[in-house]
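These notes concern the structure reproduced below.
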Amino acid sequence: MAGKAEQLEILRHSTAHVMAQAVKELYPGVKLAIGPPTDDGFYYDFDYEGTFSEEDLPRIEEKMREIVARDLPFVKEEMSKEEAIKFFEQLGETYKVEILREIPDEKVTIYRQGDFVDLCRGPHLPSTGHIKAFKLLSVAGAYWRGDERNRMLQRIYGTAFPTEEELEQYLHRLEEAKKRDHRRLGKELEIFSTHEEVGPGLIIWHHRGAMIRWLLEEFERREHLKRGYQFVVGPHILKADLWKRSGHYDYYREHMYFTEVEGQEYALKPMNCLAHIMVYKSRQRSYRDLPLRFFELGTVHRHERSGVLHGLLRVREFTQDDAHIFCRPDQLHDEIRDILKFVQEAMELFGFNFEAELSTRPEKSIGTDEDWERATTALREVLEQEGFSYEINEGEGAFYGPKIDIKLEDALGRKWQCATIQCDFSLPERFDLGYIGPDGSRHRPVMIHRVILGALERFIGVLIEHYGGAFPLWLAPEQVRVMSITDRHIPYGEDVCKRLEGAGIRVQGDFRNEKLGYKIRQAQLEKVPYMLIVGDKEVQEGTVSVRSREEGDLGPMALEAFIERILPHCGIPSLGGGD
Ligand SMILES: [Zn+2]
Ligand SMILES: [Zn+2]
């Protein structure tokens, strides 16, 4: 019996077949590409001369309901690959033919429901009548195989659930997610923008975004300092020869940007590891020097296909809170424990739930059995001792070492990859890193690559959606807005601003000649945590009328009392760990 997740996948995948059938019945001449289930539903890519729009979806849904009502059985048929190629060639399904040519198997399966036929491994529901609740959601362009040199196909997204109720709940969450879309909020709140003229996947931070970023960076620096990390800074371009030695040139080349200087090939760094290795190598290290923890807010460039770029979540230039720890094998356990505690405290600060995944040794790997055993055991033991719930991805580790990935869960229950802790046996080998042990001979250190928040771009993107743009006081780019009722209250309002600034609070005055209701609405839309209104009464009594984003009208207050009330929550917080 299939598990719940698999059953859902079978349901959605079967619904994708029904959608494809509906599209073929409604739009003769459409060619099929691929139609897999996804985490939230399914899609199907079609090659179609025209363009599908959202207005076409109700019509396709209507046809799908018809097909569901026909209760057509999904019938499996096996044939040889050669037969299948001929079969799909006759149907004019050139994409299926292309897929078939790349399948190594001699036998393949096709599935029919009614007149519709698709190349597929299955499994499916017994018949179309088992589909109860589905909805088509959107259309988008998608390049064949995600490659912009290929033909642009039309992708239709949909979802399906076992019951109408579950579908309704999902659609509600989706509505909420749309409202919180970081690309929309990012523009409205002047956090960031991207421009075709600048280049895809390259972020421009506007004043509010740059402030959020500065606050997060400052938070990072303080937390790393008190945990015994040393700050280092490496260059943005390094000679290609060094990337050859590290293996990136062979294994990561298509994600890298290259340039030439004085006849020498250089690469823009896609990772920060190599400069940190050079610092380690710069002098003789003894066992007493370890662990060494090098931290850098390192900006990296990675070439991602333009088709996969997405707001702040998938970009071509980003800054990681990256560190490399060089330690003795016997120190691995404590180092990993400290990193996981750091992650835990950081996630709690931002209000994220999270879970861990432990990826173990793959078939092809370097390093000794002893190395792998020790590192994997350390990772597992710490997860257990610290009470983390975790899943094991057997054989999913990198070839150079096991790792822990942390997936955080935002306010809408969506999961995001952020922190990773990666053991590495390869780079210490390739760069011949060593330390002198108590026995006087030379030993290899273990190298740990780790990020806590990950890419700041991505993390801020997730934060925008998690908070719906309403950042907590310490992260709010503008903490307080002071508003005058008429022009004669401006001097007092300016004085209030000065005193708040003096207390280290980020404040803006809105002294425009506009109606108060308009100013308040705007401040609310801009998610400013506190609004202070000054009119005749406030000027006379030396007070301010306070409105809170969360609590509404708080009434008049002496300015000093207001400052005292919010000041403890205004500064960059400090996490418990690190002593
Ligand atoms: Zn299928
Ligand atoms: Zn690294």
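Remember, the numbering used here sits 2 above the position in the sequence shown when you count from 1.
Note that beta-carbon positions come from the ideal geometry of N, C-alpha and C, so glycine has one too.
When we look at the beta-carbon of P493 and count the other beta-carbons within 10 Å, is it buried (16 or more) or exposed?
-> Locating residue 493 in the sequence shown gives position 491, counting from the first residue. Exposed.
Exposed or buried, which one is V200 when buried takes at least 16 other CB atoms within 10 Å?
-> The residue given as residue 200 occupies position 198 in the sequence shown. So V200 ends up on the exposed side.
Could you work out which residue in H445, I454, L465, D412 is closest to R175 when comparing CA atoms only?
-> Start at 1 with the first residue of the sequence shown, and residue 175 comes out as number 173. If you compare the alpha carbons of H445, I454, L465, D412 with that of R175, the shortest gap goes to D412.
One or two residues paired with D49 in a DSSP bridge = Reading the sequence shown from its first residue, position 47 is the one you call residue 49. Answer is K33.
Secondary structure of I406, DSSP reduced to three states | The residue you call residue 406 lines up with position 404 of the sequence shown. In the structure shown, I406 sits in a strand (DSSP, three-state: E or B).
Tell me T96's beta-bridge partners as DSSP assigns them.
-> Start at 1 with the first residue of the sequence shown, and residue 96 comes out as number 94. Answer is none; T96 lacks a bridge partner.
Among residues of its own chain, excluding the 5 on either side of A269, which ones have a beta-carbon nearer than 6 Å to its beta-carbon?
-> Your numbering for residue 269 matches position 267 in the sequence shown. Excluding positions up to five away in sequence, the list reads A242, W245, M258, F260.
If we ignore side chains and look at the alpha-carbon of each, how far apart do G504 and D336 end up?
-> Walking along the sequence shown from the start, residue 504 turns up at place 502. Walking along the sequence shown from the start, residue 336 turns up at place 334. Approximately 43 Å, taken between the alpha carbons.
Per the contact definition of three or more C-beta pairs closer than 8 Å, is the stretch 505 to 522 in contact with the stretch 475 to 493?
-> These segments touch.
Contact test: G160 Cβ vs ligand 1 heavy atom, cutoff 7 Å = Along the sequence shown, read from residue 1 onward, the residue named residue 160 stands at position 158. Not under cutoff, so the answer is no.
Where does the unbroken beta strand (DSSP E) through M583 begin, and where does it stop?
-> The first residue shown for the chain is 3 and the last is 581, placing residue 583 beyond what the model contains.
Return the first residue and the last residue of the beta strand (DSSP E) that A472 is part of.
-> One-based indexing of the sequence shown puts residue 472 at position 470. Looking at the DSSP string, A472 is not in any beta strand (DSSP E), and its letter there is neither H nor E.
Kindly confirm or deny that the stretch 173 to 193 and the stretch 207 to 226 touch, where touching means at least three C-beta pairs closer than 8 Å.
-> Judged by Cβ distances under 8 Å, the stretch 173 to 193 makes contact with the stretch 207 to 226, as three or more pairs qualify.
Could you spell out where the alpha helix (DSSP H) holding W216 opens and where it closes?
-> For the purposes of this step, residue 216 is identified with residue 214 of the sequence shown, where counting begins at 1. Note, W216: alpha helix (DSSP H), 209 to 227.
Say the cut is 7 Å; is the CB of M273 nearer than that to a heavy atom of ligand 4?
-> Within the structure as shown, ligand 4 is missing, the only ligands being ligand 1 and ligand 2.
Spell out a yes or no on whether the stretch 16 to 26 and the stretch 89 to 109 are touching, meaning 3 or more CB-CB pairs, one atom from each, closer than 8 Å.
-> No, the stretch 16 to 26 does not touch the stretch 89 to 109.
Within 10 angstroms of its Cβ, does D581 collect 16 or more other Cβ (buried), or is it exposed?
-> Residue mapping note: residue 581 aligns to position 579 of the sequence shown, counting from 1. Residue confidence for D581 is low, a pLDDT of 49 falling below 50, so the modelled location carries little weight and cannot support an answer.
Whole-angstrom distance between E256 and A472, CA atom to CA atom = On the sequence shown, residue 472 is found 470 positions in, with the first residue counted as 1. On the sequence shown, residue 256 is found 254 positions in, with the first residue counted as 1. Whole-angstrom Cα-Cα distance: 38 Å.
By Cβ distance below 6 Å, which residues in the same chain neighbour W374 in space, the five residues on each side in sequence not counted?
-> Taking the sequence shown and counting its residues from 1, the one referred to as residue 374 is at position 372. Correct list, in chain order: R363.
Leaving out five residues before and five after G578 in sequence, what residues of the same chain have Cβ atoms less than 7 Å from its Cβ?
-> As a first step, residue 578 is located in the sequence shown; it is residue number 576 there, counting from the start. These residues qualify, in order along the chain: E347.
State the beta-bridge partners of I394 as determined by DSSP.
-> Taking the first residue of the sequence shown as position 1, residue 394 is located at position 392. L360.
Would you say D2 touches ligand 2, meaning its beta carbon is less than 7 Å from a heavy atom?
-> The question about residue 2 has no answer, for the chain in this structure spans 3 to 581.
Should Y527 be labelled buried (16 or more other beta-carbon atoms within 10 Å of its own) or exposed?
-> Within the sequence shown, numbered from 1, the residue matching residue 527 stands at position 525. In the sequence on display, residue 527 carries Leu and not Tyr. Note on L527: under 16 other CB atoms within 10 angstroms of its CB, so exposed under the neighbour-count rule.
Between the Cα of Y251 and those of L276, N515, L414, spot the shortest distance and give me the residue it belongs to.
-> Numbered from 1 along the sequence shown, position 249 holds the residue referred to as residue 251. Looking from the CA of Y251, the closest CA among L276, N515, L414 belongs to L276.
Sorry if obvious, but does the Cβ on H238 come closer than 7 Å to a heavy atom of ligand 2?
-> For the purposes of this step, residue 238 is taken as residue 236 along the sequence shown, with counting starting at 1. False, no ligand heavy atom lies under 7 Å from that Cβ.
Should the stretch 59 to 68 be called in touch with the stretch 105 to 116, which here means at least 3 C-beta pairs below 8 Å?
-> Contact check between the stretch 59 to 68 and the stretch 105 to 116: fewer than three CB pairs, one atom from each, fall below 8 Å, which does not count as touching.
Alpha carbon to alpha carbon, what distance is there between I466 and E546?
-> Against the sequence shown, residue 546 aligns to sequence position 544. Against the sequence shown, residue 466 aligns to sequence position 464. Just to set this straight, residue 546 is Val in the shown sequence, not Glu. Using only the alpha carbons, I get a separation of about 30 Å.
beta-carbon H250 near ligand 2 non-hydrogen atom, thresh 7 Å = For the purposes of this step, residue 250 is taken as residue 248 along the sequence shown, with counting starting at 1. Checking the Cβ of H250 against ligand 2 gives no.
Would the beta-carbon of H132 be found less than 7 Å away from any heavy atom of ligand 1?
-> Translated into positions along the sequence shown, residue 132 becomes position 130. No; taking the cut-off as 7 Å, the Cβ of H132 has no heavy atom of ligand 1 nearer than that.
Which term fits M3, buried or exposed, when burial requires 16 or more other beta carbons within 10 angstroms of its beta carbon?
-> What you label residue 3 is simply residue 1 of the sequence shown in a count that begins at 1. Confidence is the limiting factor: at M3 the pLDDT is only 47, short of 50, which leaves the residue's position unreliable, though a coordinate-based value still follows. With fewer than 16 other beta carbons inside 10 angstroms of its own, M3 counts as exposed.
Any idea what DSSP makes of A325, helix, strand or coil?
-> Position 323 of the sequence shown, counted from the start, is the residue given in the question as residue 325. Correct three-state label for A325: strand.
Cβ distance (whole Å) where G537 is taken to contact A560 below 8 Å | The count along the sequence shown starts at 1 and reaches residue 537 at position 535. The count along the sequence shown starts at 1 and reaches residue 560 at position 558. Contact flag wrong, Cβ pair sits at about 16 Å.
Nearest residue (CA-CA) to M349, options G160, K417, P125 | Locating residue 349 in the sequence shown gives position 347, counting from the first residue. That would be K417, whose Cα lies nearest to the Cα of M349.
Taking the continuous beta strand (DSSP E) assigned at I158, which residues delimit it?
-> Here residue 158 refers to the residue found at position 156 of the sequence shown. I158: member of the beta strand (DSSP E) spanning 154 to 163, first to last residue.
Who does W418 pair with in a DSSP beta bridge?
-> For the purposes of this step, residue 418 is identified with residue 416 of the sequence shown, where counting begins at 1. Beta-bridge partners assigned by DSSP to W418: L410.
Is the Cβ-Cβ distance between A162 and L13 less than 8 Å?
-> Residue numbering aside, residue 162 sits at position 160 when the sequence shown is read from its first letter. Residue numbering aside, residue 13 sits at position 11 when the sequence shown is read from its first letter. Yes, they are a contact pair.
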